[in-house]
Amino acid sequence: MPKDILNILGVEVAPGKSVTATFEVAKLHTRNTLEVPIIIERSKKPGPTVLMTAGIHGDEINGVEIIRQIIAKGINVPKTGTIICVPVINVFGFLNMDRLFPDGRDLNRSFPGSANGSLASRVAHFVMTELVPHVDFAMDFHTGGAGRFNAAQIRIVRDNEQLTELAHVFGAPFIYYSQNLNKSYRNACDKAGIPMLLFEGGKSFNIDTNITNTGVNGAKRVLHHLGMLRTKFKVSRPKVSAVIIEESKWLRAKYSGMFKATATINSKVTKGQVLGNITDPYGSFNYFVKAPNDGYIFNVNESPIIYQGDAIFHISTEIKNS
Numbered sequence: 001m002p003k004d005i006l007n008i009l010g011v012e013v014a015p016g017k018s019v020t021a022t023f024e025v026a027k028l029h030t031r032n033t034l035e036v037p038i039i040i041e042r043s044k045k046p047g048p049t050v051l052m053t054a055g056i057h058g059d060e061i062n063g064v065e066i067i068r069q070i071i072a073k074g075i076n077v078p079k080t081g082t083i084i085c086v087p088v089i090n091v092f093g094f095l096n097m098d099r100l101f102p103d104g105r106d107l108n109r110s111f112p113g114s115a116n117g118s119l120a121s122r123v124a125h126f127v128m129t130e131l132v133p134h135v136d137f138a139m140d141f142h143t144g145g146a147g148r149f150n151a152a153q154i155r156i157v158r159d160n161e162q163l164t165e166l167a168h169v170f171g172a173p174f175i176y177y178s179q180n181l182n183k184s185y186r187n188a189c190d191k192a193g194i195p196m197l198l199f200e201g202g203k204s205f206n207i208d209t210n211i212t213n214t215g216v217n218g219a220k221r222v223l224h225h226l227g228m229l230r231t232k233f234k235v236s237r238p239k240v241s242a243v244i245i246e247e248s249k250w251l252r253a254k255y256s257g258m259f260k261a262t263a264t265i266n267s268k269v270t271k272g273q274v275l276g277n278i279t280d281p282y283g284s285f286n287y288f289v290k291a292p293n294d295g296y297i298f299n300v301n302e303s304p305i306i307y308q309g310d311a312i313f314h315i316s317t318e319i320k321n322s
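Heads up, the sequence shown is in full-length UniProt numbering, so the first residue is 1 and it goes up one at a time.
Right under this line is the structure:
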């Protein structure tokens with residue numbers, strides 16, 4: 001086979017070709033086949049291979065919508081190189097609007113996976129053996145879970161010059177230094193030598209226009225930076241310079257009750273500022289949640305009912321401006 005032929009799932013994709021391959025995840029209990037589409041677009045001109053994925057958690061719809069727009073607008077048709085898009089990896093979760101697989105396993109804690117393991121482990125194995133070996137760079141799109149709204153952010157490890165540069169190119173309001181979690185997709189790619197930008201934004205069961213616009217525009221900037229974006233697409237400058245969050249802490253509810261946040265996502269707050277309040281249904285209790293330090297609020301719990309110990313705000317404790 002010529003070196004410039006890309007082979008995924010036995011499908012040969014020559015330069016200049018567009019192909020949708022399908023990975024058969026499993027059969028449902030009804031014996032219907034469940035498949036994951038892999039959309040592959042190749043330029044005739046050589047260049048990098050970029051993988052864009054979303055839907056590792058089936059209820060994180062914002063990421064799916066970002067890649068949907070990238071495909072629908074033709075952004076994934078590269079000027080040079082190859083772009084592989086997988087809008088929904090956890091198709092089981094997407095069908096059921098569930099974060100996890102039917103067996104209760106988290107796909108993002110199943111990497112690098114096994115050909116003979118659990119269903120989630122087999123899907124992780126497919127990603128790491130059929131897709132990742134072909135790529136030079138990856139972008140994975142996520143959304144906040146459990147009623148928590150994430151500010152648009154890129155998550156990378158500290159002290160990686162390549163990822164830091166690409167994170168600034170992406171142009172999200174925040175760059176958040178976070179360690180690679182054991183058995184996560186990002187960690188598996190890191191061990192395989194594949195740089196990845198992990199985008200977080202919005203909350204589950206929701207499509208937020210500002211978040212999806214940030215994701216699509218960020219992907220365009222990265223593709224432009226790599227020389228892959230066609231000239232028909234305009235590249236906008238980020239509205240603000242990224243704030244780099246070096247350290248942060250979760251504020252947890254001291255009491256159970258009805259919760260209303262008054263601090264907005266992306267806002268800069270000062271120590272002692274009221275961020276929200278916890279009340280009871282009877283009008284006899286009202287507790288004000290206050291900022292423990294100056295910082296940026298980059299995650300807010302939007303659940304109206306909370307319990308003692310629930311994470312309600314994520315606030316930066318150490319930042320540096322880009």
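Just so it is clear, CB atoms sit at the ideal spot from N, CA and C, and this is done for glycine as well.
Which whole-angstrom value is the C-beta distance of residue i and residue j, which I expect to be below 8 Å?
{"i": "F94", "j": "G144", "result": "Going by Cβ atoms, the distance from F94 to G144 rounds to 17 Å, so no, they are not a contact pair."}
{"i": "residue 391", "j": "P37", "result": "There is simply no residue 391 to check, as the chain begins at 1 and stops at 322 in what is shown."}
{"i": "S114", "j": "H125", "result": "6 Å"}
{"i": "D190", "j": "T53", "result": "About 15 Å separates the two Cβ atoms, so there is no contact after all."}
{"i": "F298", "j": "I265", "result": "7 Å"}
{"i": "I194", "j": "F137", "result": "7 Å"}
{"i": "K79", "j": "L229", "result": "6 Å"}
{"i": "I84", "j": "V135", "result": "7 Å"}
Could you give the first and the last residue of the continuous alpha helix (DSSP H) run that contains residue i?
{"i": "I211", "result": "209-225"}
{"i": "L107", "result": "Run containing L107: none; DSSP gives neither H nor E here."}
{"i": "L9", "result": "First-last for L9: undefined, no H or E at that position."}
{"i": "V64", "result": "61-72"}
{"i": "L34", "result": "From DSSP, L34 is part of no alpha helix (DSSP H) but of the beta strand (DSSP E) over 33-42."}
{"i": "S114", "result": "Segment: none, S114 is in no alpha helix (DSSP H) and carries neither H nor E."}
Would you mind sorting residue i into buried or exposed? The rule is 16 or more other CB atoms within 10 Å of its CB.
{"i": "E41", "result": "buried"}
{"i": "P133", "result": "exposed"}
{"i": "N32", "result": "exposed"}
{"i": "N116", "result": "exposed"}
{"i": "H29", "result": "exposed"}
{"i": "Y282", "result": "exposed"}
{"i": "Q153", "result": "buried"}
{"i": "F259", "result": "buried"}
{"i": "T270", "result": "exposed"}
{"i": "R148", "result": "buried"}
{"i": "M97", "result": "exposed"}
{"i": "E200", "result": "buried"}
{"i": "K203", "result": "buried"}
{"i": "E65", "result": "buried"}
Thinking C-alpha only, which one of the options is nearest residue i?
{"i": "S316", "options": "I175, G117, R230, L197", "result": "I175"}
{"i": "P292", "options": "K268, R148, S284, G257", "result": "K268"}
{"i": "R68", "options": "N301, F313, N213, G295", "result": "N213"}
{"i": "W250", "options": "I312, Q308, K234", "result": "I312"}
{"i": "D159", "options": "P87, A172, A151, S178", "result": "S178"}
{"i": "D280", "options": "T270, I75, S256, V19", "result": "S256"}
{"i": "K17", "options": "L6, F137, E246", "result": "L6"}
{"i": "V88", "options": "R109, I39, G10, N76", "result": "I39"}
{"i": "Y185", "options": "F205, G202, R155", "result": "R155"}
{"i": "K234", "options": "P46, G74, D4", "result": "G74"}
{"i": "L107", "options": "N187, M196, H168, G276", "result": "N187"}
{"i": "V216", "options": "I56, N62, L100", "result": "N62"}
{"i": "G218", "options": "N206, V240, I207", "result": "V240"}
{"i": "R237", "options": "G171, V274, E247", "result": "G171"}
Report the three-state DSSP secondary structure of residue i (helix, strand or coil).
{"i": "A146", "result": "coil"}
{"i": "A311", "result": "strand"}
{"i": "F92", "result": "helix"}
{"i": "L166", "result": "helix"}
{"i": "K290", "result": "strand"}
{"i": "N187", "result": "helix"}
{"i": "V240", "result": "coil"}
{"i": "S284", "result": "coil"}
{"i": "V86", "result": "strand"}
{"i": "M258", "result": "strand"}
{"i": "V77", "result": "coil"}
{"i": "F23", "result": "strand"}
Cβ of residue i within 7 Å of any heavy atom in the ligand ADP?
{"i": "F137", "result": "Looking for the ligand ADP in the displayed structure turns up nothing, as the structure carries no ligands at all."}
Following the continuous beta strand (DSSP E) through residue i, name the residue where it begins and the one where it ends.
{"i": "N180", "result": "Note, N180: premise wrong, no beta strand (DSSP E); not H, not E."}
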